[in-house]
Amino acid sequence: MGHSCQVVSLLAEAGKSCFAIPLVSRIHKGVVFSNRDQRTLLDKMVLLINSLELKELFYFIADAYYASHAIINGVVARGSHLISRVRSNAVAYFPVEPTPEKKGRGRPKKYGMKVKLKTLLNDRASMKEAESPVYGEQGIKINYRTLDLLWKPVGILIRFVLVDHPQRGKIILMSTDLTINAMEIIYLYGLRFKIEVSFKQALRTLGAYAYHFWMRNMQPIKRRSGNQHVHKRSSEYRNAVRRKLAAYHRHIQAGVIAQGLLQYISSAFPSLVWNSFGSWLRTMRPGICPSEQVTAIAMRNCLPEFLVDSSQKSILTKFILERIDFSRAEGARLVA
167 MGHSCQVVSL LAEAGKSCFA IPLVSRIHKG VVFSNRDQRT LLDKMVLLIN SLELKELFYF
227 IADAYYASHA IINGVVARGS HLISRVRSNA VAYFPVEPTP EKKGRGRPKK YGMKVKLKTL
287 LNDRASMKEA ESPVYGEQGI KINYRTLDLL WKPVGILIRF VLVDHPQRGK IILMSTDLTI
347 NAMEIIYLYG LRFKIEVSFK QALRTLGAYA YHFWMRNMQP IKRRSGNQHV HKRSSEYRNA
407 VRRKLAAYHR HIQAGVIAQG LLQYISSAFP SLVWNSFGSW LRTMRPGICP SEQVTAIAMR
467 NCLPEFLVDS SQKSILTKFI LERIDFSRAE GARLVA
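What follows is the structure, given as structure tokens:
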């Protein structure tokens with residue numbers, strides 16, 4: 167039995183660096199509590215975004231899997247927009263030119279000529295050349311073309327950007343915002359890899375997802391057998407599984423908070439982190455904030471000095487004294 171964990175992160179610039187700050191994470195696949203629940207992972211992602219109750223408008227940057235009717239309608243309904251990659255087999259339609267002729271019966275024609283977006287990448291003459299706006303790239307020229315076409319899954323105009331990169335190959339991007347230019351779309355989508363880096367740091371540095379997705383009284387199932395369907399089991403069994411999932415979510419959310427703190431320390435005190443790192447990196451660059459792993463190592467190196475601080479202004483002493491319950495025997499022993 168596997169599971170799918172979806173995360174919503176905030177892309178934030180810090181100096182010359184960019185972080186994907188995780189805001190919320192949920193397990194959305196692995197256990198089925200009701201066979202009447204027809205929500206897909208896309209529907210659950212929209213609910214996860216809405217749970218944040220964001221007041222500001224935003225761009226939802228995601229991979230091609232999220233370029234769908236459910237995500238676009240859910241995001242655009244809030245006044246925000248989606249920037250995503252498009253699958254190579256995607257098709258779109260030119261809008262029909264309005265005619266002054268008298269309208270006939272029925273709805274007017276909306277979709278014009280059909281075009282396979284992938285074929286447009288072969289027309290190099292219609293493309294423009296520009297410096298690559300991708301994060302971290304310098305001196306690289308790309309060719310691109312912008313088209314506003316109708317996309318049937320949502321029935322609205324979508325801005326498609328066809329990109330031919332000399333090193334990364336060809337890619338088709340899309341944006342529901344028709345006011346943003348091609349260079350901004352390419353730049354913003356290029357930051358999506360920071361989400362992958364953030365997930366790797368959460369997994370390897372903090373162990374936020376390092377838990378055994380199982381419970382002792384769960385019925386054993388074969389490997390790769392899919393979801394664990396518990397809607398046919400007793401209510402006691404389902405409640406036990408729910409408690410287990412709640413514990414996993416608390417574990418993950420604690421990791422999300424810890425990762426955000428590491429990112430804050432890295433961006434606010436980069437020099438202090440590098441000085442406390444105590445090692446050497448080939449890729450160490452001035453102006454670039456240290457990673458969560460480097461920050462965690464630096465904090466571990468400072469831990470002995472932090473613990474032996476016996477001054478009256480010791481942060482650890484103040485922290486413990488503010489939280490000791492003197493009405494309990496173990497609290498009195500700790501003070502003694």
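In terms of the numbering used here, the sequence shown opens at residue 167 and continues consecutively. The C-beta atom is built at its ideal place from N, Cα and C for all residues, glycine as well.
Backbone secondary structure at residue i - three-state DSSP
| i | result |
| --- | --- |
| W440 | helix |
| R325 | strand |
| T342 | coil |
| R271 | coil |
| N309 | strand |
| M167 | Unreliable placement is indicated for M167, whose pLDDT of 47 sits below 50; no coordinate value is reported for it. |
| C455 | coil |
| M279 | strand |
| F260 | strand |
| V460 | helix |
| A376 | coil |
| M335 | Here residue 335 turns out to be Gly, not Met, going by the sequence shown. Correct three-state label for G335: strand. |
| A230 | helix |
| Y225 | strand |
Identity of the residue in the options nearest residue i by Cα
| i | options | result |
| --- | --- | --- |
| N393 | S183, L176, H194 and P319 | H194 |
| Y353 | V242, C455, V327 and M211 | V327 |
| I346 | A180, E458, T461 and R325 | R325 |
| V300 | K282, A291, A348 and K280 | A348 |
| R251 | Q304, A180, V197 and I351 | I351 |
| L177 | A228, P264, P386 and P470 | A228 |
| K294 | A464, T312 and A374 | T312 |
| S183 | S364, R404 and F443 | S364 |
| R466 | F226, L428 and A413 | L428 |
| P274 | V281, K282, T265 and K280 | T265 |
| E303 | L469, R334 and R494 | R334 |
| V320 | L189, H395, E297 and A258 | A258 |
| S298 | K282, K336, H331 and S292 | H331 |
| V198 | H397, I249, F260 and L220 | H397 |
| I463 | R451, G444 and G453 | G444 |
Distance, residue j Cα to residue i Cα
| i | j | result |
| --- | --- | --- |
| V262 | K276 | 6 Å |
| L357 | I486 | 41 Å |
| M167 | I481 | Per-residue confidence for M167 stands at a pLDDT of 47, beneath the threshold of 50, marking its modelled position as unreliable; the derived number appears in the next sentence. Computed Cα separation, rounded: 44 Å. |
| V212 | C171 | 14 Å |
| F224 | I238 | 13 Å |
| Y232 | L473 | 47 Å |
| A256 | K360 | 26 Å |
| T461 | L323 | 45 Å |
| R382 | G181 | 48 Å |
| Y310 | R290 | 9 Å |
| E219 | K318 | 29 Å |
| T206 | F435 | 42 Å |
| G305 | P470 | 46 Å |
| Q367 | E179 | 17 Å |
| V173 | R271 | 49 Å |
| S292 | V407 | 57 Å |
Buried versus exposed call for residue i [16 or more other C-beta atoms within 10 Å across all chains shown]
| i | result |
| --- | --- |
| K307 | exposed |
| R202 | exposed |
| Y377 | exposed |
| G240 | buried |
| S457 | buried |
| L315 | buried |
| W446 | exposed |
| S401 | exposed |
| A374 | buried |
| S437 | exposed |
| M340 | buried |
| S234 | buried |
| L344 | exposed |
Sub-7 Å separation of residue i and residue j beta-carbons
| i | j | result |
| --- | --- | --- |
| T152 | V242 | Only positions 167 to 502 of the chain appear in the structure, and residue 152 is not among them; the question remains open. |
| V422 | S246 | no |
| S432 | V439 | yes |
| S175 | P188 | yes |
| L287 | K336 | yes |
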